[in-house]
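Those protein sequence lines, which keep their order, are chains Y and Z. Here the first sequence is numbered in the working numbering, starting from 1 and rising by one per residue. Here the second sequence is numbered in the working numbering, starting from 1001 and rising by one per residue.
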Amino acid sequence: MAILVIAEHDNSTLKGATLNAVTAASQIGGELHLLVAGEGCGAAAEAAAQVAGVSKVLVADNAAYAHQLAENLSKLVAELGKDYSHVIAPATTTGKNVMPRVAALLDVAQLSDITAVESDNTFQRPIYAGNAIATVESLDPIKVITVRGTAFDAAAETGGSASVEAVAAVHDAGISAFVGEEVAQSDRPELTSAKVVVSGGRGMGNGENFAILEKLADKLGAAVGASRAAVDAGFVPNDMQVGQTGKIVAPELYIAVGISGAIQHLAGMKDSKVIVAINKDEEAPIFQVADYSLVADLFEAVPELDAKL
Amino acid sequence: MKVLVAVKRVIDYNVKVRVKSDKTDVDLANVKMALNPFCEIAVEEAVRLKEAGTATEVVVVSIGSKPCQEQLRTALALGADRAIQVDAQDQLDSLSVARILQKVAEEESADLILLGKQAIDSDNNQTGQMLAALMDRPQATFASEVVVEGESLKVTREIDGGLQTLSLKLPAVVTTDLRLNEPRYASLPNIMKAKKKPLDVKTPDELGAQLSAGAELLSVEPPAERQAGIKVGSVEELVDKLRNEAKVVA
């Protein structure tokens, strides 16, 4: 049976997380179809057709899917999903929003945030903020799954030559409407896919002090993240939060500055390849997971690090 | 407007969990349990709606074995009016929980159903969405602001790129993000009063809810341990290690 992957996109380009979900799907095995649902999403569909390993792209181009409202999109995905063995989406806020609804419409369970594929019906996923790894077997005829992007490599963006097919079905439930959006602007790489992440915590003291992290990040081509403490204190916007309830990252290098390392935060970054912690508290739990620990005042250490790199 | 809030009893968020030696699950014996933090935020939001005169009654419901009555009493002490325990095994899957909640919501004719966005034990982030689908109601997940405007609801949601605002027709399902509010502490007099508030016990059978079993837990293991790192004495040494040992910076 074929696998349906729900593409995440902004109508013109595919979001990186889609490519990781494609890799997870290819590990399950079977023909791979990609669904691009949106409004004026022709360019995203073209991009989807180029992705290596994808044999067919389904395009649902309609105003009803303009903002991926869960009520409309879930009906479309559930209708299409009946003909597939697996329906897969990246575990982004969009995937998390829509997929459980799809599962309920199909009357099946949903597996969230899988980190490994063991077979076509058995998967691993973290539970208890990543402090335990569960191996779960799905008993349902259709497996509805969201994929943790950082646990799978991205599929190649080129090399594929999928056919593109329009989907006529329009589901407009008419019970919800998009009002507006406030998107944080940044020239830095996206947090979840950055090779290097520099994060600040409560130790930063205030929002202005994040400037020294931003300077360091620009030198390293890094994204800037934050702990929940820094977000709750209003230092930075919440879409920068790394952790169980924020974003999950696994970069090559994670630099934690003024972050104590609560369980909640570790859940979002402990799969990073190399972890550096800079903290003046020798007892901070972050030092237990850091490859390189520096006990120092961050206001001296960070500018010095910036100067020496 | 009647508000229904679903709450879950989970391990306290500060506890470091241990996996059982036979790898069947995590060890919950003699571990401190608490109200799931996201559920606490949902209760707080409901109580604020009542204090604002928007909600007329706040009903809390929990699904699980008898000890979850403790968490229901906590919710009552925080300001909920009455509680329902649906007596079932703990750790039911999300679809079963959603089916039970659907029956309770229909019986109560709730106008707004509030849940946490995820439980910190299973980390599923599914129940609210499934409930909304089963009831064919609109949903607003990861809410950081909820405003009732007559027959509709304006909700600001936390999304990957920032914030998004939706308008939903009531009745609706909303799941809470951490930023929605700061839950209050229950005062001693309120804890005493909560003991006298009504708490009904029902069963899934009475409610006519069918349980599902779509997935089987095969094993639970501790995650791979990270190698203990080293302490560097200076920024210079750190840069040297990153360049020459870890080779992660140029």
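Virtual Cβ for every residue (Gly too), placed ideally from N, Cα, C.
- Legend: CB atoms of the stretch 1161-1182 of chain Z lying less than 7 Å from CB atoms of chain Y belong to residues GLY1161, GLY1162, LEU1163, GLN1164, THR1165, LEU1166, SER1167, LEU1168, LYS1169, LEU1178, ARG1179.
- In the DSSP assignment, ARG1082/Z falls within the unbroken beta strand (DSSP E) covering 1082-1087.
- Our two residues, GLU1070/Z and ALA64/Y, have alpha carbons roughly 44 Å apart in a direct line.
- Three or more beta-carbon pairs separated by less than 8 Å are not found between the stretch 1183-1200 of chain Z and the stretch 183-195 of chain Y, which leaves the two stretches without contact.
- Scanning its chain for C-beta atoms nearer than 8 Å, with the 5 sequence neighbours on each side dropped, one finds around LYS96/Y the residues SER112, THR146, in chain order.
- Looking at the DSSP output, LYS247/Y bridges to VAL242/Y.
- For VAL98/Y, same chain residues with a beta-carbon under 6 Å away, outside a window of 5 residues either side, are ALA70, LEU73, SER74 in chain order.
- Residue-level contact check: ILE1084/Z does not touch chain Y, since none of the beta carbons of chain Y fall below 7 Å from its beta carbon.
- Fully contained in the stretch 50-90 of chain Y are the following alpha helix (DSSP H) runs of length 4 or more, in chain order: 70-81.
- At a C-beta separation below 8 Å, ARG101/Y has these neighbours in chain Z: GLN1129, MET1130, ALA1132, ALA1133, GLN1139.
- Ranked by how close their Cα comes to the Cα of VAL1104/Z, the residues THR1074/Z, ASP1087/Z, GLN1091/Z, ARG1226/Z have ASP1087/Z in first place.
- With respect to chain Z, the C-beta atom of ILE255/Y has no partner C-beta closer than 7 Å.
- GLU1158/Z belongs to the set of residues whose beta carbon lies under 7 Å from a beta carbon in chain Y.
- For the stretch 1186-1214 of chain Z, the set of residues with a beta-carbon nearer than 8 Å to any beta-carbon of chain Y comprises SER1212, ALA1213, GLY1214, in chain order.
- Considering only beta carbons, the part of the stretch 1115-1128 of chain Z lying closer than 7 Å to chain Y consists of ILE1120, ASP1121, SER1122, ASP1123, ASN1124, ASN1125, GLN1126, in chain order.
- Rounded to the nearest angstrom, the gap between the Cα atoms of MET1130/Z and VAL1174/Z is 12 Å.
- LEU1114/Z is bridged by DSSP to VAL1005/Z, VAL1174/Z.
- The bridge partners DSSP lists for LEU305/Y come to none.
- Within its own chain, the residues whose Cβ lies closer than 7 Å to the Cβ of CYS41/Y, once the five positions on either side in sequence are excluded, are HIS9, ASN11, VAL59, ASP61, listed in chain order.
- Chain Y has no Cβ within less than 7 Å of the Cβ of PRO1067/Z.
- When CB distances to chain Z are screened at a threshold of 7 Å, the residues of the stretch 56-89 of chain Y falling below it are ALA70, GLU71, SER74, in chain order.
- Taking CB atoms only, GLN27/Y has no neighbour in chain Z less than 7 Å away.
- For LYS1241/Z, the chain Y residues whose C-beta falls within less than 7 Å of its own C-beta are TYR292, listed in chain order.
- Contact with chain Z is found for LEU105/Y, since one of that chain's Cβ atoms lies less than 7 Å from the residue's Cβ.
- In summary, ALA78/Y is buried, with 16 or more beta-carbon neighbours lying within 10 Å of its beta-carbon over all protein chains present.
- Across the set LYS1032/Z, MET1001/Z, VAL1007/Z, the C-alpha of LYS1032/Z shows the shortest separation from the C-alpha of LYS1016/Z.
- For ALA17/Y, the CB contacts under 6 Å within the same chain, skipping 5 residues up- and downstream, are GLU8, PRO90, THR92, GLY149 in chain order.
- DSSP places ILE145/Y in the strand class (E or B) of the three-state scheme.
- Under DSSP, ASP1200/Z forms a beta bridge with ILE1084/Z.
- Under DSSP, VAL164/Y takes part in a beta bridge, and its partners are VAL57/Y.
- One thing to note: VAL1060/Z has its Cβ within 7 Å of the Cβ of LEU1072/Z.
- For GLY130/Y, the chain Z residues whose C-beta falls within less than 7 Å of its own C-beta are PRO1223, listed in chain order.
- Of all alpha-carbon atoms in ALA151/Y, LEU14/Y, LYS219/Y, ALA47/Y, the one lying nearest the alpha-carbon of VAL117/Y is that of ALA151/Y.
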